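Chemist: Have a look at this one before I ask anything.
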Amino acid sequence: MAAPCRHVGHHIQKNGRFLRININQLFACRSFGLTSALQQQATDLHKESKEAIIIPRKKSWNKEAVLEALASTVQRDPTAYPYQFQDDPYLSPRTSVEFKLFSLSQESGRAAAKYFVNSNPKLFTKDFAEPHIPCLMPESVALRLEEVSQEALEERISLRKVSAAVEMYDQLLQSGTAVSMETTHKLLDLICLYCDRDPVQEGAPQTEDREEEEEEDGRRKPMGRRVTDFLKFTWKENNNAERIFNLLPERDTRCYSALIRGMVKHGAYAKAFNLYEDLLNNRLSADVHIFNALISVVPDVRKKNNERWDLIAELLNQMNEQKVRPNLLTFNSVLKALRQFSFLAKTFSPQILNEMKALGIAPSLATYEHILTVFFYKSASSGPSNMAVLQDVLTELEGTSFTCQDPNDVLFFATAMKLCLDNKDLELGYKVHSLVEVGENWRLLGDSYQQGLYYGRFFNLLCLMEDIDVVLKWYSRIVPSLLYPNPQGMKNLLQALDTDSRLDLLPTIWKDIKTLGHDNKVDLVEELLSLMARDEHSVEVQESFAACALDVKSVFDGRPKKEWSTSSLSHISILLLRANKLQKAWDMLQLFKDKNRVPSGALLSSFLTACRCSASPQRAVELVQLSAAFSLPTTPELAKRTLAEFELNDEQRSIVSEFEAAPEKEE
Amino acid sequence: MASFGSKVFLSLGRTNVSGVGFRKTGNRATYATALTVNSSTNKARGGKGSTGRRPKRGPGEPRTEKMALDQDWTSVYPAATPFRANAIPLPLRMGYPVKRGIPPEKKGNLELIKIPNFLHLTPAAIRKHCEALKPFCTEWPSALDTDTKCDEHFPVKIQSTDYVSAGPSIRNPSARVVHMKVRLSCLNLDDHAQKKMLKLVGDRYCKDSDILTITTESCPLRQQNYDHAMYLLTVLYHESWKIEPWEAEKTRADMEEYSWEDSTSQKNILDTLLRINLAGEGEEAEVREQLLGREEVLEYKDSVETLKNEEPSERNMLRYKEAVRKVLKV
Numbered sequence: 035m036a037a038p039c040r041h042v043g044h045h046i047q048k049n050g051r052f053l054r055i056n057i058n059q060l061f062a063c064r065s066f067g068l069t070s071a072l073q074q075q076a077t078d079l080h081k082e083s084k085e086a087i088i089i090p091r092k093k094s095w096n097k098e099a100v101l102e103a104l105a106s107t108v109q110r111d112p113t114a115y116p117y118q119f120q121d122d123p124y125l126s127p128r129t130s131v132e133f134k135l136f137s138l139s140q141e142s143g144r145a146a147a148k149y150f151v152n153s154n155p156k157l158f159t160k161d162f163a164e165p166h167i168p169c170l171m172p173e174s175v176a177l178r179l180e181e182v183s184q185e186a187l188e189e190r191i192s193l194r195k196v197s198a199a200v201e202m203y204d205q206l207l208q209s210g211t212a213v214s215m216e217t218t219h220k221l222l223d224l225i226c227l228y229c230d231r232d233p234v235q236e237g238a239p240q241t242e243d244r245e246e247e248e249e250e251d252g253r254r255k256p257m258g259r260r261v262t263d264f265l266k267f268t269w270k271e272n273n274n275a276e277r278i279f280n281l282l283p284e285r286d287t288r289c290y291s292a293l294i295r296g297m298v299k300h301g302a303y304a305k306a307f308n309l310y311e312d313l314l315n316n317r318l319s320a321d322v323h324i325f326n327a328l329i330s331v332v333p334d335v336r337k338k339n340n341e342r343w344d345l346i347a348e349l350l351n352q353m354n355e356q357k358v359r360p361n362l363l364t365f366n367s368v369l370k371a372l373r374q375f376s377f378l379a380k381t382f383s384p385q386i387l388n389e390m391k392a393l394g395i396a397p398s399l400a401t402y403e404h405i406l407t408v409f410f411y412k413s414a415s416s417g418p419s420n421m422a423v424l425q426d427v428l429t430e431l432e433g434t435s436f437t438c439q440d441p442n443d444v445l446f447f448a449t450a451m452k453l454c455l456d457n458k459d460l461e462l463g464y465k466v467h468s469l470v471e472v473g474e475n476w477r478l479l480g481d482s483y484q485q486g487l488y489y490g491r492f493f494n495l496l497c498l499m500e501d502i503d504v505v506l507k508w509y510s511r512i513v514p515s516l517l518y519p520n521p522q523g524m525k526n527l528l529q530a531l532d533t534d535s536r537l538d539l540l541p542t543i544w545k546d547i548k549t550l551g552h553d554n555k556v557d558l559v560e561e562l563l564s565l566m567a568r569d570e571h572s573v574e575v576q577e578s579f580a581a582c583a584l585d586v587k588s589v590f591d592g593r594p595k596k597e598w599s600t601s602s603l604s605h606i607s608i609l610l611l612r613a614n615k616l617q618k619a620w621d622m623l624q625l626f627k628d629k630n631r632v633p634s635g636a637l638l639s640s641f642l643t644a645c646r647c648s649a650s651p652q653r654a655v656e657l658v659q660l661s662a663a664f665s666l667p668t669t670p671e672l673a674k675r676t677l678a679e680f681e682l683n684d685e686q687r688s689i690v691s692e693f694e695a696a697p698e699k700e701e
Numbered sequence: 119m120a121s122f123g124s125k126v127f128l129s130l131g132r133t134n135v136s137g138v139g140f141r142k143t144g145n146r147a148t149y150a151t152a153l154t155v156n157s158s159t160n161k162a163r164g165g166k167g168s169t170g171r172r173p174k175r176g177p178g179e180p181r182t183e184k185m186a187l188d189q190d191w192t193s194v195y196p197a198a199t200p201f202r203a204n205a206i207p208l209p210l211r212m213g214y215p216v217k218r219g220i221p222p223e224k225k226g227n228l229e230l231i232k233i234p235n236f237l238h239l240t241p242a243a244i245r246k247h248c249e250a251l252k253p254f255c256t257e258w259p260s261a262l263d264t265d266t267k268c269d270e271h272f273p274v275k276i277q278s279t280d281y282v283s284a285g286p287s288i289r290n291p292s293a294r295v296v297h298m299k300v301r302l303s304c305l306n307l308d309d310h311a312q313k314k315m316l317k318l319v320g321d322r323y324c325k326d327s328d329i330l331t332i333t334t335e336s337c338p339l340r341q342q343n344y345d346h347a348m349y350l351l352t353v354l355y356h357e358s359w360k361i362e363p364w365e366a367e368k369t370r371a372d373m374e375e376y377s378w379e380d381s382t383s384q385k386n387i388l389d390t391l392l393r394i395n396l397a398g399e400g401e402e403a404e405v406r407e408q409l410l411g412r413e414e415v416l417e418y419k420d421s422v423e424t425l426k427n428e429e430p431s432e433r434n435m436l437r438y439k440e441a442v443r444k445v446l447k448v
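Those protein sequence lines, which keep their order, are chains R and F.
Position one of the first sequence corresponds to residue 35 (the numbering used here), numbered consecutively onward.
Position one of the second sequence corresponds to residue 119 (the numbering used here), numbered consecutively onward.
And the structure:
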């Protein structure tokens, strides 16, 4: 502990003067001002033979470094539920629908809580958190400044109150106060971003005006549209943005930029181009955002391919003339616009990549996604040779960690996996997955829909190409923590099990199907039953199959609306018979009658065999009667067999012989 | 879907409320109505039965069923969390046994949840944590390889505690306490200084281990408490070296140890010896001197001092008895 020693030593040295003065009071033998620490320092100086003690310098790190180091020791837990849900089997989602519902309800709860905190700030003044957590305290959402001034305008802009800001601006103009250019820019940005409407407050009921405007627009959407469609407004003629713009004495690039981008965002494409012409006529130079916006809507403005390309080329040339430096989004918009027509895209994409390299802009995942789509899905000839493109892309991206730079970045992984699936390339699939596992790249998998696409395709690829052990290993790793398979995915899994003859796992798969909520998909259940009933298996397996079949039956019974099909009924009966559950199998026959389905002859003959094993002649007779009731062609054979194999009394014999004779007479 | 449903029913709710006329409560009511109506439409859409309620949602199987035998436990329990029965694949039972039975199982067992668990600190986890924290550490000085050397070079030891807990605040008032330990033999104290130091510190000194412990907690911050402890040590040292004029008034009652010279025991033994005429002839003072020089008297002196200074034990008493017999020649 060098520090305290040095500290003490320091004190001694400081007080040394006092000690010298009091020397007559000290004992003679006392040496001056020495503690063991100073002794140490003295000996250090005098006795170099003693090993010097080097105290290393203390390392310093930032506040989260220790936590990050400890967090790096933890990997993903494959059986865990998604982290935002409670870790309880009852409270966590089991299907993809539930996942969506639960996460939305969590978000809506949070939004409601935020709304209450913000609308009653006086009730939430006490701050418990130490150190202070700003996002838990109420934010100011109410306006404080009421007078007509620039500060009030700025406040309204920062609180995103569009209509109030416009009003304040008009009042300022009327009163003759000059509004600074900076504030005007911000105001125009605000209006164009929100398309001249107040943004929806989270959790609050919408205002009257919005509802009426919606009706005016005639945007009555049918049920089932996504939320984002509601937030797409059309750019109205002569709205506030344009009006303010026209009123401005001088307009510079930023004002034009705000308006053009607003028009592009809200659908007024032609107007955007007109405004751009205006800008050129005024001899102003556009900025990179304007160009990005215009390039992205070229396909909507021109219909023919060569016209589109001409327009893009013209825009790019003008960009060059005006010495505006393109950025990543420029190139991505060019590629996106060219997606539609593959020939040109194919020709120009290498050039685009070279330009990007020359400018030192690293391509993002969106770039690669456009390229992949162009080369594979829009071109007439796509074949295995084109996989080389994907191979090259993956080799180049190997081990790189990405951040999201373009909204379309999230589509890359799903597209790449789709390519691997279509071309049945397992190795590339693994490569793509290893790229996902690098660092933070999992964030670029997108929202739950995109993630479901990616993992679903990956799982399908595995089921197609890998043997069953690997498939089951991946199954346990990604289902259901990362993926809720759809019925097609489960069917693929069943196929894989069938290929590798691991049909003994079918009852566990049925349990998973039930948990996923796919037990109402008739074709999936039928396929499962047919796989189970197809072959004979060992005794324990048959037992488990029979239990599974009973489970399926109870599920069907619980749903009176759903229709039974002949094949499913016969499969269940066969399975029950094979496991010697005769009584239950007999109930199945009754079900046949109830549901007006006709069992096959083979089924009834196997019933007869089972009856013989259990030696119940009465049953056999009933069987023959049943067969006649269904007017099956195998009735005479059944009757013959019954007579031959069973010990019948006279009554039974007479009944059976009736059927033996003339099946045509019975209707 | 959810938001559309909420929008439609929000408008319904609002029309109802505007009829009643309470705007403010209306806001909350609309929100509540939207949720309940939404859930009922959900039921109708997603329900399996046309009439009647949806079948009750089963409890689901715990995720221990799916856990592999060779899974990475440090990922399942990375941090201190309460006991979760569905995540721990151990057949634990805890609690008072049910009548004529066994302790209750782990599912829903509050006793298991109440107690602290160390599932996040298995040996494997600790090993991993140590490996991860090694880059933050510096090397131990190679010259300090034994405890004695550490004591010799760094005699003053400071101890303080940091506290971590889950809660809204990361501060803990107990973290300001500082303990400072030092061996008195390391400090340069002569006899008088030693005695004065001991009187000054009183309880803080442990005789068996010769360690003086100063605990400071009167300041709000740890740094301040540390400075205070250092200051106290320095002040004690200097004060114990100073000799105040009033220290000359130290009486026999203030002495820490019993000393035989000029004590009643000396007087008594000398008087006794003189009376029984075991002493030689001569003047009073000379006789006393002579007596004091005698071996038995010295032995007597030793035994008395031992009895008084150390704890009374069988041996000491026997020694005293022997010494008395020798002196009195009995």
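Glycine residues also receive a C-beta, built at the ideal position from the N, C-alpha and C atoms.
Since we're looking at a predicted model, the values are computed, not measured.
Would you be able to state if there are at least three C-beta pairs under 8 Å between the stretch 279–289 of chain R and the stretch 217–237 of chain R?
Modeler: The stretch 217–237 of chain R, when compared against the stretch 279–289 of chain R, does touch it at the 8 Å Cβ threshold.
Chemist: List the whole-angstrom C-beta distance separating Arg294(F) from Glu164(R), where the pair is believed to meet the contact cut-off of C-beta under 8 Å.
Modeler: Sequence index remark: in the second sequence, residue 294(F) carries index 176 (1-based). Sequence index remark: in the first sequence, residue 164(R) carries index 130 (1-based). 15 Å between Cβ atoms; not a contact.
Chemist: What are the boundary residues of the beta strand (DSSP E) that Ser278(F) is part of?
Modeler: Translated into the one-based positions of the second sequence, residue 278(F) becomes position 160. Run containing Ser278(F): Lys275 to Ser278, per the beta strand (DSSP E) assignment.
Chemist: Excluding sequence positions up to five away, which residues of its chain have a Cβ less than 6 Å from the Cβ of Leu666(R)?
Modeler: Position 632 of the first sequence, counting from 1, holds the residue named residue 666(R). Hits under 6 Å: Gly635.
Chemist: Could you pull out every residue in the same chain whose Cβ sits closer than 7 Å to the Cβ of Cys497(R), ignoring the five residues on either side in sequence?
Modeler: Looking up residue 497(R) in the first sequence gives position 463. Answer for Cys497(R): Val505, Asn526, Leu527, Gln529 and Ala530, listed in chain order.
Chemist: Can you check whether the C-beta of Asn235(F) is within less than 7 Å of a C-beta belonging to chain R?
Modeler: On the second sequence, position 117 is the one that residue 235(F) refers to. Not one chain R Cβ lies under 7 Å of Asn235(F).
Chemist: List, in chain order, every chain F residue whose beta-carbon is nearer than 8 Å to that of Arg110(R).
Modeler: Working through the first sequence from its first residue, we reach residue 110(R) at position 76. Those within 8 Å of Arg110(R) in chain F are Ser193.
Chemist: Rounded to the nearest angstrom, what separates Gly143(R) and Leu135(R) at their Cα positions?
Modeler: Counting from 1 along the first sequence, the entry for residue 143(R) is found at position 109. Counting from 1 along the first sequence, the entry for residue 135(R) is found at position 101. Gly143(R) and Leu135(R): Cα-Cα distance of roughly 12 Å.
Chemist: Should Val226(R) and Ala275(R) be called a contact, given that it needs their Cβ atoms to be closer than 7 Å?
Modeler: Taking the first sequence and counting its residues from 1, the one referred to as residue 226(R) is at position 192. Taking the first sequence and counting its residues from 1, the one referred to as residue 275(R) is at position 241. At residue 226(R) the sequence reads Cys, which differs from the Val that was named. Yes, these two residues count as a Cβ contact at 7 Å.
Chemist: Is any beta-carbon of chain R found at less than 7 Å from that of His297(F)?
Modeler: Here residue 297(F) refers to the residue found at position 179 of the second sequence. For His297(F), the answer is no, since every Cβ of chain R falls outside 7 Å of its Cβ.
Chemist: For Lys93(R), go through chain F and note every residue whose CB falls closer than 7 Å to its CB, in chain order.
Modeler: Counting from one through the first sequence, the residue named residue 93(R) turns up at place 59. Within 7 Å Cβ-Cβ: Phe254 and Thr256.
Chemist: Does any C-beta atom of chain R lie closer than 7 Å to the C-beta of Asn290(F)?
Modeler: Along the second sequence, one-based indexing puts residue 290(F) at 172. No, its Cβ sits nowhere closer than 7 Å to a Cβ of chain R.
Chemist: Rounded to whole angstroms, how far is the Cβ of Leu177(R) from the Cβ of Glu189(R), which I believe are closer than 8 Å?
Modeler: Counting from one through the first sequence, the residue named residue 177(R) turns up at place 143. Counting from one through the first sequence, the residue named residue 189(R) turns up at place 155. Going by Cβ atoms, the distance from Leu177(R) to Glu189(R) rounds to 6 Å, so yes, they are a contact pair.
Chemist: Is His571(R) helix, strand or coil when you go by DSSP?
Modeler: Here residue 571(R) is taken as the residue at index 537 of the first sequence, counted from 1. His571(R) falls in the coil class under three-state DSSP.
Chemist: Can you find a CB in chain R that lies within less than 7 Å of the CB of His238(F)?
Modeler: Residue 238(F) sits at position 120 when you count from the first residue of the second sequence. Proximity of His238(F) to chain R, defined by a Cβ-Cβ separation below 7 Å, is not satisfied.
Chemist: For Val319(F), which of helix, strand or coil comes out of DSSP?
Modeler: Mapped onto the second sequence, residue 319(F) falls at position 201. DSSP places Val319(F) in helix when its eight states are reduced to three.
Chemist: Assuming Ile87(R) and Ala261(F) are in contact, meaning their beta carbons sit under 8 Å apart, how far apart are those beta carbons, in whole angstroms?
Modeler: To locate residue 87(R), count along the first sequence from 1; it is residue 53. To locate residue 261(F), count along the second sequence from 1; it is residue 143. At roughly 5 Å, the Cβ-Cβ gap stays under 8 Å, so Ile87(R) and Ala261(F) are in contact.
Chemist: Assign Asp389(F) to one of two classes, buried (16 or more other C-beta atoms within 10 Å of its C-beta) or exposed (fewer than that).
Modeler: Here residue 389(F) is taken as the residue at index 271 of the second sequence, counted from 1. Per the 10 Å Cβ criterion, exposed.
Chemist: Quick check: the stretch 206–226 of chain F against the stretch 147–159 of chain R, are at least 3 beta-carbon pairs closer than 8 Å?
Modeler: no
Chemist: Checking 7 Å against the spacing of the C-beta atoms, do Ile294(R) and Leu309(R) come in under that value?
Modeler: In the first sequence, residue 294(R) corresponds to position 260, counting from 1. In the first sequence, residue 309(R) corresponds to position 275, counting from 1. In this structure, Leu309(R) lies closer than 7 Å to Ile294(R) by Cβ.
Chemist: Output yes if chain F places a C-beta closer than 7 Å to the C-beta of Glu740(R); else output no.
Modeler: Chain R is shown only over 35 to 701; residue 740(R) falls outside these bounds and no answer can be derived.
Chemist: Going residue by residue through the stretch 180–245 of chain F, where are the continuous beta strand (DSSP E) segments of at least 3 residues, counting only ones entirely within it?
Modeler: none
Chemist: Going by C-alpha distance, which of Trp359(F), Ser292(F), Leu316(F) and His356(F) is nearest Tyr281(F)?
Modeler: Taking the second sequence and counting its residues from 1, the one referred to as residue 281(F) is at position 163. When only C-alpha atoms are compared, the closest one is Ser292(F).
Chemist: Quick one: what does DSSP say Cys268(F) is sitting in, helix, strand or coil?
Modeler: Here residue 268(F) corresponds to residue number 150 of the second sequence, with the count starting at 1. For Cys268(F), the secondary structure class from DSSP, reduced to helix, strand or coil, is helix.
Chemist: Residues in the same chain with beta-carbon distance under 8 Å from Leu562(R), minus the five sequence neighbours each way, listed in chain order, please.
Modeler: Your numbering for residue 562(R) matches position 528 in the first sequence. If we look at Leu562(R) and ignore the five residues flanking it on each side, its Cβ neighbours are Leu528, Leu540, Ile543, Trp544, Ile547 and Val586.
Chemist: Leaving aside the five residues before and after Ala644(R) along the sequence, list all residues of the same chain whose C-beta is less than 8 Å from its C-beta, in chain order.
Modeler: To locate residue 644(R), count along the first sequence from 1; it is residue 610. So the qualifying residues of the chain are Leu611, Asn614, Leu616 and Ala619.
Chemist: Nearest by alpha-carbon distance to Asp459(R): which of Ser214(R), His605(R) and Gln425(R) is it?
Modeler: Taking the first residue of the first sequence as 1, we reach residue 459(R) at position 425. Looking at the Cα atoms, Gln425(R) is the closest of the given residues.
Chemist: Return the chain-ordered ranges of every alpha helix (DSSP H) run that is complete within the stretch 321–353 of chain R and spans a minimum of 4 residues.
Modeler: 322–330 and 332–335
Chemist: Contact criterion: CB-CB distance below 7 Å. Does Ile87(R) meet it with respect to chain F?
Modeler: Within the first sequence, the letter at position 53 stands for residue 87(R). So yes, Ile87(R) belongs to the interface.
Chemist: Use the C-beta contact count for Leu305(F): other C-beta atoms within 10 angstroms, 16 or more gives buried, fewer gives exposed.
Modeler: For the purposes of this step, residue 305(F) is taken as residue 187 along the second sequence, with counting starting at 1. Leu305(F) is buried by the Cβ-count criterion.
Chemist: Residues of chain F with a CB under 7 Å from the CB of Lys122(R): which are they?
Modeler: Position 88 of the first sequence, counted from the start, is the residue given in the question as residue 122(R). Rather than Lys, the amino acid found at residue 122(R) in this sequence is Asp. Around Asp122(R), the beta-carbon contacts reaching into chain F at under 7 Å are Asn204.
Chemist: List the residues of chain F whose Cβ lies closer than 8 Å to the Cβ of Arg128(R), in chain order.
Modeler: In the first sequence, residue 128(R) corresponds to position 94, counting from 1. Correct list: Gly178.
Chemist: Taking Glu403(R) and Leu445(R) to be in contact with their CB atoms under 8 Å, please state how far apart those CB atoms are, rounded to whole angstroms.
Modeler: Here residue 403(R) refers to the residue found at position 369 of the first sequence. Here residue 445(R) refers to the residue found at position 411 of the first sequence. Glu403(R) to Leu445(R), Cβ: 5 Å. Contact.
Chemist: Quick one: is Arg95(F) near chain R, going by C-beta distance under 7 Å?
Modeler: Nothing about residue 95(F) can be read from this structure; chain F reaches only from 119 to 448.
Chemist: Quick one: residues in its chain with C-beta nearer than 6 Å to the C-beta of Leu677(R), no 5 flanking neighbours on either side, listed in chain order?
Modeler: Here residue 677(R) refers to the residue found at position 643 of the first sequence. Val690.
Chemist: Is it buried or exposed, Pro112(R), if we count other Cβ atoms within 10 angstroms and call 16 or more buried?
Modeler: Here residue 112(R) refers to the residue found at position 78 of the first sequence. Burial of Pro112(R) is indicated by the presence of at least 16 other C-beta atoms within 10 angstroms of its C-beta.
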